[in-house]
Each structure stands twice: as structure tokens, then as C-alpha cells.
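Have a look at the structure below, then the notes.
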RNA sequence: GCUCCGAUAGUGUAGUCCGGCCAAUCAUAUUGCCCUCUCGAGGCAAUGACCUGGGUUCAAAUCCCGGUCGGAGCACCA
């Protein structure tokens, strides 16, 4: 009875559904299969988040395989390989092995040769347009019945580079009359004249298509569970034809829908972001307005917050909208404890800071470093002759305001008159509590947000905060210190 | 045109396989109250959903059929 309850509890510990047929395998083996054609955006984080979580759950094995077999249309970006591995690490996972498809071309050739020998593939010189028509009509092309010997010879000529791009392809012989046109005699290899950007692969001209390459690799690396997008739904069906020729067992496969992210104006697409960055409309992949991993990272969002949010989305085949607020909620839990508090008075146009001489004030304010953690002590915010308030916080004439950590003040003439430190003013009489900064001794700050840069001044103690630290500007929000300097300190705004 | 897939509150998700315990779970969001020297954290409460029409059944979110809506593939992209 007790054991029942306990095991139930454990089962409900994570929101991901069980992987299918896990018991049939010695070990759950999965792969991330990124295309290194650019750094990662937020949507790409779903793959390592979910697969990595499954890996931890089942004590499994995880491969990172770069599917970089298209040197032209989805040309690999040489920097992206490491950027992607970085992103995976930031999310808190580590692949057990990393391979690149472009290192394995000979392996694909070998399997193509074997497939040809088995009568499972044929070289085809039909123009793409013509074949498309034949396929639509369920009609075989004249090349389909070539004998394997001729096919083998022509394939070697493809490998040798005897054909130009578009002249010859190798097709897998499936079922030309299959009711699903997507599965009919698909292309396994084609010629690409553009050299691969990786030096090691620059000489190859005959490249496998994803369905072939990925199918071969999944088997050779012992993948037991494939998790990928619905755009590849028919891939499994196509690849099964190859698996059947080789008498291989196809892995378990799960397809999920697309993810949309709210809160961004910029479309979440590698090519779109790439264009905007190149055009200078975004300062980079880490511009706060960019829905990219590098951007969230720079804002101080923990990888774990992204993972939690992604895992919550589950693996349904429907398209889903990820609310950034969900990422923020997770992140708040992760960073609140470490985030020391500071005052930042924003001085931007339209939000002009107001300077007030203070009368009879104590020499300094001493708000807590962290309200829940008393052992962190208190801050020391000098007052000087005058202080700054944000426009929205300025009390009406004769009204009072509580300067946090300092005391109660009344707005008289053009000054703030100290009227005491009896907290009843706040708790009993409803005097608003606001943050403030000394007008003289302060730290200029540039806060970079999703809506543009905001300038302001922080209390002097903020000068001691190191780069990469997460702080909370009271009543403004959490931010990551990005750069400290004489002129100004740059911080990236995370969220409220 | 052909072939697949999906549809639970604003968002995501549980439940659907094996119909009843579901006037539907949890999280997030929003709002209100409490607490707090932050608009953060914490506490409490409220809001809000089974796409639609039939059928089977004592009983349907769950099974069956039709429809609607949405998505994906039919690339010498991944």
C-alpha cells in the first residue's frame, strides 16, 4: 500500500510522458540532430531540453549529430557548430558524443552501394520537373529498371564528380504507386557543385539527402528513440523502405508540433534573424529583441528556466505557443535568491527623473540587500543634498512619500521635507513606498530591454557588482550586469 | 489534387489506450484580498476549457461515424 503511493508519486514527478517501449532496449539512446546553419533560436532549445530531460530520466545516452549535408541551400555556418554545443551546455546538458555528417560521407556511399546491390536504388537523370509529373501520376521513369551493375557504375561516377548538379540523382526504389505521393521513389543522393565550408568535406560533390543520411546514422549509432518535428513525419515512412532493404529495425519515433513564442516582434526563424543581424537591424543574436538563445542568456535567463518551460510543453503533435511569461516565472524561481537588490532611477526621456533637495534627512538609507535573507545585511545609500525620483513616483504637493530604507518625506515647495521614520505612515496611512537615488553620488546605468535602451542612475553600491551577476532593481525588475565601466554600467533587463 | 496528423480555460498540460471516481488536474496568466519599507517573494480566493453534429450506452472529454477548423508532407532543404 505504502509502496504503491510512493511509486505513484515518483511517476508524477515530471510532466513528460513515458517514452514508448523503453523496456525493450538495454539503454535509451537518443540524438539531437541540429543543422548548423546558424546559431540557435529559442525554438531550437526544445530539442535538447526534452531529449536531455529524457536522457536524465532514463539514464540514457545522447548524441549530438550535426546534419550538415547541404553545402548550398542550408549552408553550414562554421561558427554555429560550437555555438550550438555552447547552447546545449547552457541549457544544462552534455552530449555523450558529437559527430558531423560531413565527416561520414564515405559511410553513406558504402551503404548506397550496398543498397544498389540489393536492388533498392537506381540512378536517375530525369529533370526534377519531369519526375515530379511522373510521380504524381504514379508512373515509373525509364531509369527505374536499370540493372544494378549500371546503377553501380553511374553512382560511382556521381561520387567521382562526373556529373554536374541536377544531372543525376540516386533514388530509393520504394513503391511508385504508393497512395501517399510523399513516399514514392525519393532522392537519396544528389550533386552539389558548391564546396562544403568545412575543409575536411570540401572535396565532396555527391551528397546524401537528410532522409538517407539520418536513417543510416540512426541505425549505426544505435538510436532507440527519435524525437523530432512533424515536418519529418513522412521521413520515418520513407526511411522504413531503406530499413526494410537492410533488414534493420526502425527506432521508436515521436513527432511534435511547431513552437511559437509570444512577446517578440522578430519572427523566430534562423534565416530571418540572420538577415536582420546582417542588415544591422539587430545588434546581434544576443540583442535583447532577438528570440535567440544567446539573447536570453545575456539577459540573465537561466538555461534551466528555458528547459522547464520547454518540458512543460510536452511532446504533442499540435502546434503550441510558448508564453515567455512561463519562462520568466521559472527563471524568477531560479534567480530570486541570488539577486541582490538595488535602486535604479530611470532618467529616460518621457520618464524624466525629478531631482529634489532634501531637508532634515538622515545621512543615508539602509534598505536590506535581500528582503528574505537578513544575513546579507543592509545597503548603504548616501543621501547628499538632493535625491532623484522617477516621474511616476513624485508625490503631489503636500503629499507624503516613503523613500525606501530612508524614511517618510513630504513634498513641500520644490523640496522633500523629512517627516520621520515611523513605519505606520506606510502600514497605517498608506504612504507609497518608492525607490530613489542620490543626485550626486550614483552610478550611471544603461539598461538594455526588449523595447530598447533605458538610461538611469543606480545607488553607489551598484558599482561593486561584478559582470555576469544577477540583480533586482527594486520595483523595476531583474537584470544581468553585462559590462562595468567608468562612463556607465550596462545591464540587460530580464523580466519583472 | 493526393497522403498523414491534430483539436481540453488567454497559454501550456493531466485525464482519452482499458467509458462511470471528471459539474475535469496542475502550472502560468489576469483580478481581488492578506502579508511585506519593491510593482519581487510568500499566503488566500476568484476568473476561465472538453471544436461541432449525430450514433452506441444506464453512463461519453474518453468509443464509432460525418462535418468544421488548424497543421504537416508530396524538394536534387534540413
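Numbering (my numbering), first residue to last: 48 to 543.
We put the CB at the ideal spot given by N, CA and C, even for glycine.
Between the CA atoms of residue 271 and residue 211 - distance to the nearest angstrom: Numbered from 1 along the first chain, position 164 holds the residue referred to as residue 211. Numbered from 1 along the first chain, position 224 holds the residue referred to as residue 271. Straight-line Cα distance between these residues: approximately 38 Å.
Secondary structure, alpha helix (DSSP H): runs of 4+ residues fully inside the segment 53-123: Within the segment 53-123, the complete alpha helix (DSSP H) runs of at least 4 residues are 93-105.
Integer Cβ distance of residue 83 from residue 123, believed to fall under 8 Å: Locating residue 83 in the first chain gives position 36, where the first residue counts as 1. Locating residue 123 in the first chain gives position 76, where the first residue counts as 1. So it is a contact: roughly 5 Å between Cβ atoms.
Contact under 7 Å by Cβ, residue 329 with residue 284: Sequence index remark: in the first chain, residue 329 carries index 282 (1-based). Sequence index remark: in the first chain, residue 284 carries index 237 (1-based). No; because the gap between Cβ atoms is not below 7 Å, this pair is not in contact.
The segment 362-378 / the segment 297-304 touching (three or more Cβ pairs under 8 Å): Taking a cut-off of 8 Å for Cβ pairs, the segment 362-378 and the segment 297-304 touch, as three or more such pairs fall below it.
Option in 185, 251, 78, 90 with minimal Cα separation from residue 116: Locating residue 116 in the first chain gives position 69, counting from the first residue. If you compare the alpha carbons of 185, 251, 78, 90 with that of residue 116, the shortest gap goes to 251.
Residue 189, DSSP secondary structure in three states: Translated into positions along the first chain, residue 189 becomes position 142. Annotated three-state conformation of residue 189 is helix, per DSSP.
Check: residue 73 C-beta below 6 Å from any heavy atom of the ligand MG: The model on display carries no ligand, and the ligand MG is accordingly not part of it.
Per DSSP, the bridge partner or partners of residue 254: Stepping through the first chain from its first residue, residue 254 is reached at position 207. DSSP lists 237 as the beta-bridge partner residues of residue 254.
Endpoints, alpha helix (DSSP H) assigned at residue 207: The count along the first chain starts at 1 and reaches residue 207 at position 160. First-last of the alpha helix (DSSP H) with residue 207: 195-207.
Residue 334 versus residue 255 - alpha carbon distance: Taking the first residue of the first chain as 1, we reach residue 334 at position 287. Taking the first residue of the first chain as 1, we reach residue 255 at position 208. Going by the C-alpha atoms only, they are around 36 Å apart.
Sub-7 Å separation of residue 262 and residue 300 beta-carbons: Translated into the one-based positions of the first chain, residue 262 becomes position 215. Translated into the one-based positions of the first chain, residue 300 becomes position 253. The Cβ-Cβ distance between residue 262 and residue 300 does not fall below 7 Å.
Complete runs of the alpha helix (DSSP H) confined to the segment 444-496 [at least 4 residues]: For the segment 444-496, the continuous alpha helix (DSSP H) assignments of 4+ residues that do not extend past its boundaries occur at 471-474, in sequence order.
Per-residue DSSP class, three states only, for residue 337: As a working mapping, residue 337 is identified with position 290 in the first chain. Residue state for residue 337 is assigned as coil, using DSSP reduced to three classes.
For residue 231, the three-state DSSP class (helix, strand or coil): On the first chain, position 184 is the one that residue 231 refers to. It is coil, neither helix nor strand.
Exposure label - residue 73; buried when at least 16 CB within 10 Å: Translated into positions along the first chain, residue 73 becomes position 26. Residue 73 is exposed by the Cβ-count criterion.
Beta-bridge pairing of residue 393 - partner residues as DSSP gives them: The residue you call residue 393 lines up with position 346 of the first chain. Paired residue(s): 503.
Cβ-based neighbour list, residue 94, same chain, cut-off 6 Å, excluding 5 preceding and 5 following: In the first chain, the residue the question calls residue 94 occupies position 47. Take residue 94, set aside five residues on each side of it, and the residues of its chain with a beta-carbon closer than 6 Å to its own are 79, in chain order.
Terminal residues of the alpha helix (DSSP H) in which residue 305 lies: Residue numbering aside, residue 305 sits at position 258 when the first chain is read from its first letter. First-last for residue 305: undefined, no H or E at that position.
Reduced DSSP category for residue 541 - H, G, I as helix; E, B as strand; rest coil: The count along the first chain starts at 1 and reaches residue 541 at position 494. It is a strand residue.
Burial state of residue 166 (16 or more Cβ within 10 Å): Working through the first chain from its first residue, we reach residue 166 at position 119. So residue 166 ends up on the exposed side.
Distance CB(residue 392)-CB(residue 503) smaller than 7 Å: As a first step, residue 392 must be located in the first chain, where it is residue number 345. As a first step, residue 503 must be located in the first chain, where it is residue number 456. With contacts defined as CB atoms closer than 7 Å, residue 392 and residue 503 qualify as a contacting pair.
Other residues of its chain near residue 411: CB distance less than 7 Å, five sequence neighbours each side excluded: Here residue 411 refers to the residue found at position 364 when the first chain is read from its first residue. Apart from the 5 residues on each side of it in sequence, residue 411 sits with its Cβ closer than 7 Å to the Cβ of 427, 428, 429, 430 in its chain, given in chain order.
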